[in-house]
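Undergrad:
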Amino acid sequence: MSVHTLRIDGRDLAVPEGTTLLQAAREAGIAIPTLCHLEGLSPVAACRLCLVEVEGAGKLLPACITPASEGMVVHTATPRLQDIRRTVVELLFTEGNHVCAICVANGHCELQDLAVSTGMDHSRLPYRFPDRHVDLSHPFFGLDHNRCVLCTRCVRVCDEVEGAHVWDVGWRGEHCRIIAGLEEPWGAVDACTDCGKCVEVCPTGALFHKGDTTAEKQGEPARLQALVHARRHQQWDP
Amino acid sequence: MSATLRVCTAAGCAGCGGSALRERLAAVLAAAGPGAPASGLALKGVGCLGPCSEGGLLELESSAGRRLFGGLTPEGVEAVAASLANLGPDADLASWAPPGTRPIDLEQPFFRLQRRLVLEHCGRIDPESIAEALAAGTYGQLRRVLQKDTPEAVIEQVRRSGLRGRGGGGYPTGLKWATVARMPGREKVVVCNADEGDPGAFMDRSLLEGDPHRLLEGMAIAAWAVGASRGFIYVRAEYPLAIAHLRTAIAQAEDQSLLSAAIAGSAFSLQLELRVGAGAFVCGEETALIHSIEGRRGVPRPRPPYPAEVGVFGLPTLINNVETFANIPPLLALGAEAYAAIGTANSGGTKVFSLTGDVRLAGVLEVPMGTPIATIVNTMGGGAPGGHAIKAVQTGGPSGGCVPADRLATPVDYESLQELGSIMGSGGMVVMDDTTSMVDVACFFMAFCREESCGKCIPCRAGTVQLHALLQKHLAGEASAADLAQLESLCHMVKDTSLCGLGQSAPKPVLSTLRHFRGDYLALLRPEPGGREVAP
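Those protein sequences? They're chains A and B, same order as listed. Going by our numbering, the first residue of the first sequence is number 2, and it counts up by one from there. Going by our numbering, the first residue of the second sequence is number 8, and it counts up by one from there.
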């Protein structure tokens, strides 16, 4: 295996071949915001928060799927990128109904954290206040579409890790929503194993334990990563 | 004496009575006694005859030459049939004029300035008859290359011809073929993108309806050149006639051993399948199209890997547009140099356009690359009707932009249109007269993109919604200078950050109208609260 040297934000780094720009940056302690990305799940490069500038590339590249290559010069936090990230977060907030004060994920929410880290203290774009519903048909969990950011982590974890493929995306564009089964109430989908992995990886309060109330939900992506690691390396000791 | 009557039964003219007329006339011909003029008449349903705005169209070819008639209506079908049935034994078909129709001058620029390579047989042959296609020479190039050529030599011909992707991207076709041909692996796939979806674009439909065998021949040659044994034609469900003609053509070609196994007696085989889209514009994007062919949700994925490396079912895949494939047989017949000489230095060959909008003569036409837009819309199309002047010409649909009237001398080729902030696109050309609000045009296309966004990436899913709302605010006269600034900056953000071509080009109609028609936007701004005028 060969090693590539590259420069990210002025720091020279050496990483094994196949390392993504996101991995390389995070190893070096350089923070690049992400939302759809989650270590352990396949990357989809959909949220566009991790776009970075690569000299000579001509266009912005998503750090989560762009492999580091020899001699790359990468900038992760230029004023242009910072404005793009703030706009992405504004678009997310305005297309849904995100009310932190009454949300189960308040204080433990990745969207909330993104708003803080990108400096989005208000939206320059008008809120859309879409009419969305809540699915409480499952005995243990709930799905509040108002808080869903369509990152598809739930879709991927259920398909790739649990193997049940309960979730998918229905409709298109602004009408997209996460659907259970063939657009059935979650509780009516026999394929669901009640494992709760989707709840654990959900970055917001969209998927939650029914018992949780305001600020009580804490996502646990580390459990997913431990499981994926254990399976991949056949090491089951904690 | 013998004569041929061609009735256009393509989608447009079929609705103007074309299909009904063919049926009625077939009955008249069957009933005509020996010696009656109609008994010497050969009747054909054909594909697009060109000037769709004059439809329904029918063409009579006799010893006196070709005569084209337009203006057929469903109500006028009976009169035409009766007139033909009642022709006296001494009547001359060459001077017969179908009642209720008007003659169309075949010497006018619309026809005279065309160079028909791709549309060579369109409107001439019955698209449902392989015998007519064969008689016109279709499949001749396929037979020839299978017997006498090597794949490398054919790819080299395509490369030297300067042919570039006619779907709008303009990627050099020869290079694409060479890339797929060089990919390791025994199984490869060739795909025809027939998901024509731009508003105002109907070139590919006309070709599919009018000469499907031309496409099949081009695809077969491509498949053989790159080493593919499976092929898919992805066609949108909104084209029922094109689908029917393709199905017929594929079955006929298989019967004649021009598709499927042992093609034309060679060891080459190609299994061709038709895939019918389910009404998503985004499936014209190649990675979304691949997902759709595979039976998955039609959403794009980031490239690389490009389809040439990882395509349908993970196999190396060649994806070309309908018109690109249809260019292959005439290209090989002419030879690379002669083909390249037709176009410009950077874009060889011809381009088919669907001319529509505020123009006297609308329809499908084919011109050499590099023809000035003014020649197409003014000389050939006759300019805007009703004493109006042309304000702009829109090319490339929702991914394109508007060429202002003072730049109509621009030649149609990939680079020239890009410099103007538009694109060649697949060939839709919408003419707009001086009554058009360019903000309204931009808003229309943004509404289209908002509706057609797949929703995967945030900038396109939510950005097009915000952009559409901002444009509506302008149209309502409620926008401020700050809104205009926000519109512009959000356009750049969506363009720079979206995952696929749909989102990346969705702001183009706005940006191009802002560039050339900023006054249209400024005129809609509401006055500043302090009474301050906005500087133009």
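Beta carbons: idealized from backbone N, C-alpha and C, even for Gly.
1) Taking Cβ positions only, does LYS463/B come closer than 9 Å to chain A?
2) Do you know offhand how far VAL448/B's Cα is from ASP205/B's?
3) Which class does TYR421/B belong to by DSSP, given the choice of helix, strand or coil?
4) To the nearest angstrom, report how far apart VAL196/B and ALA37/B are at their CA atoms.
5) Could you work out which residues of chain A lie near GLU293/B, taking near to mean beta carbons separated by less than 7 Å?
6) Quick check: the region 133-143 of chain A against the region 10-25 of chain B, are at least 3 beta-carbon pairs closer than 8 Å?
7) Report the start-end ranges of each alpha helix (DSSP H) in the region 149-194 of chain B that is 4 residues or longer and not cut off at the edges.
8) Does the beta carbon of TRP172/A sit closer than 9 Å to a beta carbon anywhere in chain B?
9) How big is the Cα-Cα spacing for ASN93/B and SER102/B?
10) Since ARG468/B meets chain A, which of its residues come closer than 7 Å, beta carbon to beta carbon?
11) Can you tell which of ASN328/B, GLY54/B, GLY390/B has its C-alpha closest to the C-alpha of VAL371/B?
12) Nearest-angstrom Cα distance between CYS65/A and LEU151/A?
13) Report the neighbours of ARG224/A on chain B: residues whose CB is nearer than 7 Å to its CB, in chain order.
14) Is DSSP giving ILE33/A helix, strand or coil here?
15) Using the Cα positions of LEU362/B and VAL156/A, report the straight-line distance between them to the nearest angstrom.
16) Report yes or no: is there a C-beta of chain A within less than 9 Å of the C-beta of THR504/B?
17) Assuming ILE111/B and LEU75/B are in contact, meaning their beta carbons sit under 8 Å apart, how far apart are those beta carbons, in whole angstroms?
18) Taking 9 Å as the CB-CB cut-off, is SER512/B touching chain A?
19) Any Cβ of chain A within less than 9 Å of the Cβ of VAL472/B?
20) For a cutoff of 9 Å on Cβ pairs, would you count THR88/A as touching chain B?
21) Mind listing which residues of the region 8-32 of chain A have their C-beta closer than 8 Å to chain B's C-betas, in chain order?
22) Between which two residues does the beta strand (DSSP E) containing TYR241/B stretch?
23) Take PHE360/B as the anchor and find which of LEU506/B, GLU426/B, GLY388/B, THR255/B has the nearest alpha-carbon.
24) In this structure, how does DSSP classify LEU126/A when only helix, strand and coil are distinguished?
25) Quick check: the Cα distance between GLN83/A and TYR128/A, rounded to an integer number of angstroms?
26) At which residues does the alpha helix (DSSP H) containing GLN7/B begin and terminate?
27) Could you tell me if LEU183/A is buried or exposed, where buried requires 16 or more neighbouring beta carbons within 10 angstroms of its beta carbon?
28) Identify the continuous alpha helix (DSSP H) that holds ASN334/B and give its terminal residues.
29) Shortest alpha-carbon distance to LEU42/A belongs to which of GLY59/A, VAL162/A, ARG224/A, GLU201/A?
30) Taking the beta carbon of HIS475/B as the centre, do at least 16 other beta carbons fall within 10 Å, making it buried, or is it exposed?
31) When we look at the beta-carbon of THR79/A and count the other beta-carbons within 10 Å, is it buried (16 or more) or exposed?
32) Within 9 Å (strictly less), CB to CB, does PRO516/B reach chain A?
33) Can you give me the Cβ contacts of CYS20/B inside the same chain, cut-off strictly under 7 Å, excluding the 5 residues immediately before and after it?
34) Could you check the C-alpha separation between ALA89/B and ARG31/B for me, to the nearest Å?
35) Quick check: what's the CA-CA separation for VAL105/A versus CYS159/A?
36) So, helix, strand or coil for ASN200/B, using DSSP?
TA: Taking the coordinates as given:
1) It does: the Cβ of LYS463/B has a partner Cβ on chain A nearer than 9 Å.
2) Looking at the backbone, the Cα of VAL448/B and that of ASP205/B are separated by about 14 Å.
3) Helix.
4) Using only the alpha carbons, I get a separation of about 46 Å.
5) Neighbourhood of GLU293/B in chain A, by CB distance below 7 Å: empty, with the nearest CB roughly 16 Å away.
6) Contact between the region 10-25 of chain B and the region 133-143 of chain A is not established, with fewer than three Cβ pairs separated by less than 8 Å.
7) Secondary structure within the region 149-194 of chain B: the alpha helix (DSSP H) runs of 4 or more consecutive residues, fully enclosed, are 158-168, 180-189 (chain order).
8) Interface residue, yes.
9) Approximately 14 Å between the Cα atoms of the pair.
10) Contacts between ARG468/B and chain A, judged by CB atoms closer than 7 Å, involve GLY174, GLU175, CYS177 in chain order.
11) The shortest C-alpha to C-alpha distance from VAL371/B to any of ASN328/B, GLY54/B, GLY390/B is the one to GLY54/B.
12) If you take the alpha carbons of CYS65/A and LEU151/A, they lie about 17 Å apart.
13) Chain B residues near ARG224/A: none, gap ~27 Å exceeds 7 Å.
14) In the three-state reduction of the DSSP assignment, ILE33/A falls in the coil class.
15) Straight-line Cα distance between these residues: approximately 44 Å.
16) Closer than 9 Å: yes.
17) The Cβ separation is near 4 Å, so the contact holds.
18) For SER512/B, the nearest beta carbon of chain A is not closer than 9 Å to its own beta carbon.
19) Judged by the 9 Å Cβ criterion, VAL472/B is in contact with chain A.
20) At a cut-off of 9 Å between beta carbons, THR88/A contacts chain B.
21) Of all residues in the region 8-32 of chain A, none has a Cβ within less than 8 Å of some Cβ in chain B.
22) Per DSSP, TYR241/B is one residue of the beta strand (DSSP E) stretching across 237-242.
23) Comparing Cα positions, the closest option is GLY388/B.
24) In the structure shown, LEU126/A falls within a coil segment according to DSSP collapsed to helix, strand and coil.
25) Each residue's CA atom was taken as its position, placing GLN83/A and TYR128/A some 21 Å apart.
26) Only positions 8 to 543 of chain B appear in the structure, and residue 7/B is not among them; the question remains open.
27) That one is exposed.
28) Where ASN334/B is concerned, the enclosing alpha helix (DSSP H) stretches over 329-341.
29) Between LEU42/A and the set GLY59/A, VAL162/A, ARG224/A, GLU201/A, the nearest pair of CA atoms involves VAL162/A.
30) Under the 10 Å beta carbon count, HIS475/B is surrounded by 16 or more other beta carbons and is classified as buried.
31) With fewer than 16 other Cβ atoms within 10 Å, it is exposed.
32) It does not: the Cβ of PRO516/B has no partner Cβ on chain A nearer than 9 Å.
33) Taken in chain order, the residues that qualify are GLY62, GLY63, LEU64.
34) The alpha-carbon atoms of ALA89/B and ARG31/B are separated by roughly 9 Å.
35) Near 22 Å, if we compare the C-alpha coordinates of CYS159/A and VAL105/A.
36) In the displayed model, ASN200/B falls within a strand according to three-state DSSP.
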